[in-house]
Amino acid sequence: KRYVRKGVPLEHRARVWMVLSGAQAQMDQNPGYYHQLLQGERNPRLEDAIRTDLNRTFPDNVKFRKTTDPCLQRTLYNVLLAYGHHNQGVGYCQGMNFIAGYLILITNNEEESFWLLDALVGRILPDYYSPAMLGLKTDQEVLGELVRVKLPAVGALMERLGVLWTLLVSRWFICLFVDILPVETVLRIWDCLFNEGSKIIFRVALTLIKQHQELILEATSVPDICDKFKQITKGSFVMECHTFMQVCGAAHGSVPSQGAPPHLQPGGCSDHPEGAQDGHQWAQ
Numbered sequence: 001k002r003y004v005r006k007g008v009p010l011e012h013r014a015r016v017w018m019v020l021s022g023a024q025a026q027m028d029q030n031p032g033y034y035h036q037l038l039q040g041e042r043n044p045r046l047e048d049a050i051r052t053d054l055n056r057t058f059p060d061n062v063k064f065r066k067t068t069d070p071c072l073q074r075t076l077y078n079v080l081l082a083y084g085h086h087n088q089g090v091g092y093c094q095g096m097n098f099i100a101g102y103l104i105l106i107t108n109n110e111e112e113s114f115w116l117l118d119a120l121v122g123r124i125l126p127d128y129y130s131p132a133m134l135g136l137k138t139d140q141e142v143l144g145e146l147v148r149v150k151l152p153a154v155g156a157l158m159e160r161l162g163v164l165w166t167l168l169v170s171r172w173f174i175c176l177f178v179d180i181l182p183v184e185t186v187l188r189i190w191d192c193l194f195n196e197g198s199k200i201i202f203r204v205a206l207t208l209i210k211q212h213q214e215l216i217l218e219a220t221s222v223p224d225i226c227d228k229f230k231q232i233t234k235g236s237f238v239m240e241c242h243t244f245m246q247v248c249g250a251a252h253g254s255v256p257s258q259g260a261p262p263h264l265q266p267g268g269c270s271d272h273p274e275g276a277q278d279g280h281q282w283a284q
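Mapping of the sequence shown onto UniProt numbering: position 263 corresponds to residue 263, and the numbering continues sequentially without gaps.
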């Protein structure tokens, strides 16, 4: 855990994620399964939903542009299509395109990206991306309760303004901080996510809120607090990924780990995928 929290070297990241998440074991136990999924019965609705988001995924990253050969849009389409066939209860949900895109940039391997996506969507973050999004809604409510207990002034402000947490943090949870925090910081968060489960999401959220508590408490309206929550994800604090992750690991005491797979333990900054630093624009 200590090794992972200090940051996995970029050249080892794909291998470490595969092992920690159980994705490697799943891939080894199911040889040829990924390619079988790609040959499965057509689902026009699924295919159209995925195609709609392809051009919105990392539009500033040259590797995802149609003019590039090879273009990673085709790889992204394959990974998302295979996952939609594999997990028909989820199919495809907007936000999964950015997660799969990050995985492709890190692994440079289509099949490994599929199995890592399965680890995240199917085991580490259950029901985040299902139609009802019950896991996502539950975890947002848990964050709200944690804020009320650990940061009561912010909790009281939220209650006074009548702000729903989903309005402020749904993108944090759905996109796992892609297009919200700097690339290097996101990758460090994902190192912990694959190793420790979803509790790192709570730690990051609480750290952002606590570090900027005074700014947040200046809010006097719903639009104002929404703007404050956009501001707190910018600046030098989140750019310094080593310091940021140290604060996340040291603060807040016990946080939930219900999203962690059963086999997980509860409990440098230039490492970004090539080209990713300019390529993570959220789909408008």
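Where is the CB? At the ideal position from N, CA and C, for every residue including glycine.
With respect to the alpha helix (DSSP H) encompassing residue i, which residues constitute its N-terminal and C-terminal limits?
{"i": "L193", "result": "183-196"}
{"i": "Y102", "result": "96-107"}
{"i": "K228", "result": "222-231"}
{"i": "residue 359", "result": "Examination of residue 359 is not possible in this model, given that the chain is present from 1 through 284 alone."}
{"i": "R65", "result": "Careful: R65 lies outside any alpha helix (DSSP H) and carries neither H nor E."}
{"i": "L217", "result": "Per DSSP, L217 belongs to no alpha helix (DSSP H) and is neither H nor E."}
{"i": "P31", "result": "Run containing P31: none; DSSP gives neither H nor E here."}
{"i": "F237", "result": "236-239"}
{"i": "Q147", "result": "Rather than Gln, the amino acid found at residue 147 in this sequence is Val. Element bounds for V147: 134-150."}
{"i": "F173", "result": "165-175"}
{"i": "F202", "result": "199-211"}
{"i": "E47", "result": "44-54"}
Give every residue of the same chain whose Cβ lies closer than 7 Å to the Cβ of residue i, excluding the five residues on either side of it in the sequence, and list them in chain order.
{"i": "V4", "result": "D191, C192, N195"}
{"i": "V238", "result": "L181, P182, T185, F244"}
{"i": "V90", "result": "V121, Y129, S130"}
{"i": "L208", "result": "I232, T233"}
{"i": "L80", "result": "I50, Y92, M96, N97, A100"}
{"i": "V149", "result": "none"}
{"i": "A205", "result": "L143, V169, W172"}
Express the C-alpha separation of residue j and residue i in angstroms, rounding to a whole number.
{"i": "T75", "j": "T107", "result": "12 Å"}
{"i": "residue 287", "j": "L161", "result": "Missing from the structure shown is residue 287; the chain here goes from 1 to 284 and no further."}
{"i": "H85", "j": "G40", "result": "7 Å"}
{"i": "R15", "j": "D118", "result": "16 Å"}
{"i": "V121", "j": "I174", "result": "10 Å"}
{"i": "M96", "j": "D127", "result": "13 Å"}
{"i": "M18", "j": "S221", "result": "44 Å"}
{"i": "E11", "j": "F64", "result": "21 Å"}
{"i": "P9", "j": "D60", "result": "25 Å"}
Excluding the 5 residues preceding and the 5 following residue i in the sequence, name in chain order all residues of the same chain whose CB lies nearer than 6 Å to its CB.
{"i": "H212", "result": "I232"}
{"i": "Q26", "result": "W115"}
{"i": "C71", "result": "none"}
Only counting the same chain, and skipping five residues up and downstream in sequence, which positions put a Cβ closer than 8 Å to that of residue i?
{"i": "A153", "result": "Q213, L217"}
How would you call residue i, buried or exposed, if buried means at least 16 neighbouring beta carbons within 10 angstroms?
{"i": "V169", "result": "buried"}
{"i": "A100", "result": "buried"}
{"i": "A250", "result": "exposed"}
{"i": "T52", "result": "exposed"}
{"i": "R45", "result": "exposed"}
{"i": "E145", "result": "exposed"}
{"i": "C226", "result": "exposed"}
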